[in-house]
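For the sequence shown, our numbering assigns the number 1 to the initial residue and increments by one for each residue that follows.
What follows is a set of notes on a single structure, which appears directly below.
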Amino acid sequence: MVFTLQAQQNFDKIYTGGKVIECTVKEVTPDAVKYSYPNEELINTIYKNTITRIEFKSGRVETFSETATLQTVTSCLDWEKVNVTQLEYEVKGLFKLGDVSAKAKGATAFSNMNKIKERSIKKLKIQAAMMGGNTLYMTQLDTKGNVWGNEYTASQSTETNTSGIAYSNVLPNVQDFEKIVSNNDRFTFLTKYYLGNSNADLKNASPAVRQVQITRVYKNQGFIMVNANIKGEKTDTFRVTYFDEENVILMYQDKRKIYNLILKHN
C-alpha cells in the first residue's frame with residue numbers, strides 16, 4: 001500500500017477497475033474494504049483485489065498493490081498475460097466471465113508429461129483471454145502418465161484434463177461503448193481467431209466480409225452484448241470483451257469452438 005495526500009473532499013472515493021464509489025469508508029481489513037453509501041447505514045464490502053486506490057475525504061490517498069499484478073488483456077493474443085491461481089481467495093470480488101476446460105494428449109507413450117500439462121493449461125489461458133479475462137482460477141488438473149502396453153493391451157500416452165473459471169477485475173463500460181457506436185456504428189472486420197476442442201493452439205481465418213454494422217447494443221448479466229449480421233459467422237449475437245479508441249473485440253462460442261473477432265473503428 002502507498003499513501004499520499006491531496007485536497008479534501010466531502011466523501012471518500014473508492015476507485016475500482018470499472019467505476020468510482022462515493023461513500024464513507026468504515027474499515028479496511030486485510031482482504032477487503034467496508035463502506036456505506038452517503039446517508040445510509042448499511043455496510044457494504046468490496047475486496048481489495050478489485051480496488052486500485054481510495055481517496056479519503058481527509059485528502060489521504062491509499063493505493064493498493066493487489067490489483068497491480070493483474071495485467072490488461074485485450075484479446076486472445078494476450079493469453080500469456082493471464083494470471084493463473086489455484087487459491088480461491090485470490091478471485092474474491094473479481095468478475096466471473098465463464099467456465100473453461102481443455103484436454104491435451106501426447107502423440108505417443110514417450111510424450112513428456114510436463115509438456116502435455118503445459119499445453120492443456122495454455123489452452124485454458126487462451127480461452128480466458130478470449131473472454132476478456134486476466135485471471136484463471138484452476139479447479140481441475142488431472143494428469144495420467146504413460147501406460148506401456150503388452151501383447152494384450154495397447155499403450156496409452158500421457159493425457160491431461162484441466163478446467164477452471166475465467167475472471168477479470170474490470171468489465172467494459174456499456175455507456176462508454178454506446179457513445180462510440182452512436183457516433184459511428186460501422187467497423188472494419190480485420191481478422192478472426194478461434195480455438196477448437198481439438199486445436200492445440202490458436203487458429204485464424206480471414207473474414208468473409210470487411211464491413212460490419214452493429215445494429216444493437218445492450219447489457220446482459222453485466223456484459224456488453226451486441227447484434228450484428230456478419231456473413232460467415234454462426235450467430236448475430238456477440239459479447240464485447242474489450243474496446244478502446246481503435247479496436248473492438250467480440251467473442252462468441254459454440255459447442256466446439258470459441259471465437260474472437262477483431263474490429264477496427266472506421
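No residue lacks a Cβ here, since even glycine has one placed at the ideal position from N, Cα and C.
- Asn183: member of the alpha helix (DSSP H) spanning 174–183, first to last residue.
- For Met225, the enclosing beta strand (DSSP E) stretches over residues 223–227.
- In its chain, beyond the 5 residues on either side, Met1, Lys48, Ile51, Thr52, Arg53 have a beta carbon closer than 7 angstroms to the beta carbon of Phe64.
- With 16 or more other Cβ atoms from the protein chains shown falling within 10 Å of its own Cβ, Thr158 counts as buried.
- Secondary structure at Lys234: coil, using DSSP grouped into helix, strand and coil.
- The beta carbons of Ala104 and Leu136 sit no closer together than 9 angstroms.
- Rounded to whole angstroms, Met225 and Ser120 show a C-alpha spacing of 29 angstroms.
- Between Leu124 and Val100 the beta-carbon gap is near 5 angstroms, inside 8 angstroms, which marks them as a contact.
- Straight-line measurement puts the Cα of Leu42 at about 11 angstroms from the Cα of Lys26.
- Excluding the 5 residues flanking it on each side, Leu261 has same chain C-beta neighbours closer than 6 angstroms at Lys192, Leu250, in chain order.
- Following the DSSP letters along the chain, one finds Arg186 inside the beta strand (DSSP E) bounded by residues 186–196.
- By the C-beta density criterion, Asp12 is buried, having at least 16 other C-beta atoms within 10 angstroms.
- Around the beta carbon of Leu195, 16 or more other beta carbons lie within 10 angstroms, which makes this residue buried.
- Close CB contacts of Ile116 within its chain, under the 6 angstroms cut and outside five residues either way in sequence, are with Ala104, Gly106, Thr158, Thr160 (chain order).
- Nearest to Asp244 by alpha-carbon distance, out of Asp176, Asn83, Asp201, is Asp176.
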